[in-house]
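See below for the structure under consideration.
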């Protein structure tokens, strides 16, 4: 779904085919207000100012253009007030003597993000686009929406992406790492114009140094760091899930849409990799509709097994008491290494295959 933040204009129609960069909707956000203390600058009472304004409410002005002029004592005293910015004169207060100048509207455009077919139009809001694609969600990400050809630059899911592996040929590419990406590799990727990096893990200190700030728990995606980074498993050196790595290898060379936006509180948003393709596959969604059953592939999303991948071993019916003394339903999971662990059911998510 591609939606504007404010009501605006939607361009395509139902049935239209769109590409990555096609603009599907556009609107304008009001510009920043600029307060001009007109009465004080003219040395007049607020109610006397309007007669000396050379631009009236609703008129547009350019930066540096005269908006008021006062002359007294046969021209010996002259005061000229010029507009501090380009915009529209929005209002003037006879009480405070302040004039509000509204900056030029800021255009906001929403592109299609993925190639596909428009299947629904939300009047003045946006459109729903349908495509056949592989879909991968990460644990954490930074950076906004980008797209580029996938290029796997490591030989296995336990290999680290280092700076020497990145060259000028990777400009506008989506690079796939294994267990970690180093700080030097992130910096080199920005220099080479890499669009995005997908990695199993990253050191927290490296991420903080790279972004120049401590990443909080609110929402990410607005960072202007030169690329988009998606972490699929967690912080530190963590092997990318073999299923995820093999899927990305399968689509090596395909163009992918990548978005690092992450929100881990209300209204959860996960970073994503969408890989449009024309490969016809059998529907793999039956397991999802059934919920968790023995054999269902899942990922643990809480400590102490955060990021671990496995399959449901069993689903005990009775409630079990945790260290916190709360009684919850649990699930027994056989991890990829063969170890069987038990965690609360709320601490896992189903992996759709």
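Numbering (our numbering), first residue to last: 1039 to 1391. C-beta atoms are modelled at their ideal positions from N, C-alpha and C, and glycine is treated no differently.
Buried or exposed (CB count within 10 angstroms, at least 16 for buried), residue i
i	result
residue 1215	buried
residue 1098	exposed
residue 1162	exposed
residue 1337	buried
residue 1106	buried
residue 1133	exposed
residue 1387	exposed
residue 1167	buried
residue 1352	exposed
residue 1119	buried
residue 1075	exposed
residue 1035	Limits of the chain in this structure are 1039 at one end and 1391 at the other, which puts residue 1035 out of reach.
residue 1376	exposed
residue 1323	At residue 1323 the pLDDT is 47, less than 50, meaning the model places this residue with poor confidence; the figure from the coordinates comes in the next sentence. Answer is exposed; the Cβ neighbour count stays below 16.
Cβ separation of residue i and residue j, assumed to be a contact under 8 angstroms, to the nearest whole Å
i	j	result
residue 1373	residue 1348	4 angstroms
residue 1069	residue 1140	6 angstroms
residue 1310	residue 1297	5 angstroms
residue 1228	residue 1199	With a Cβ gap of about 14 angstroms, residue 1228 and residue 1199 do not count as contacting.
residue 1231	residue 1209	4 angstroms
CB of residue i within 8 angstroms of CB of residue j, strictly
i	j	result
residue 1164	residue 1039	yes
residue 1190	residue 1287	yes
residue 1146	residue 1307	no
residue 1293	residue 1149	no
residue 1270	residue 1279	yes
residue 1276	residue 1238	yes
residue 1366	residue 1358	yes
Helix, strand or coil at residue i [DSSP, three-state]
i	result
residue 1228	helix
residue 1327	Caution is warranted here: a pLDDT of 44 is assigned to residue 1327, below 50, making its placement in the model unreliable, and the coordinate value is therefore given only provisionally. Correct three-state label for residue 1327: helix.
residue 1083	coil
residue 1092	coil
residue 1344	coil
residue 1075	coil
residue 1097	coil
residue 1051	coil
residue 1242	helix
residue 1039	coil
residue 1281	helix
residue 1185	strand
residue 1104	strand
residue 1149	strand
residue 1205	coil
residue 1248	helix
residue 1383	helix
Option in the options with minimal Cα separation from residue i
i	options	result
residue 1101	1124, 1368, 1244	1124
residue 1302	1229, 1262, 1253, 1334	1253
residue 1235	1221, 1247, 1243, 1246	1221
residue 1093	1066, 1072, 1126	1126
residue 1185	1213, 1167, 1250, 1203	1213
residue 1062	1355, 1050, 1281	1050
residue 1026	1197, 1173, 1206	The chain is shown from 1039 up to 1391; residue 1026 falls before or after that span and cannot be answered.
residue 1341	1128, 1080, 1381	1381
residue 1108	1158, 1361, 1091	1091
residue 1059	1183, 1159, 1160	1183
residue 1282	1258, 1313, 1273	1313
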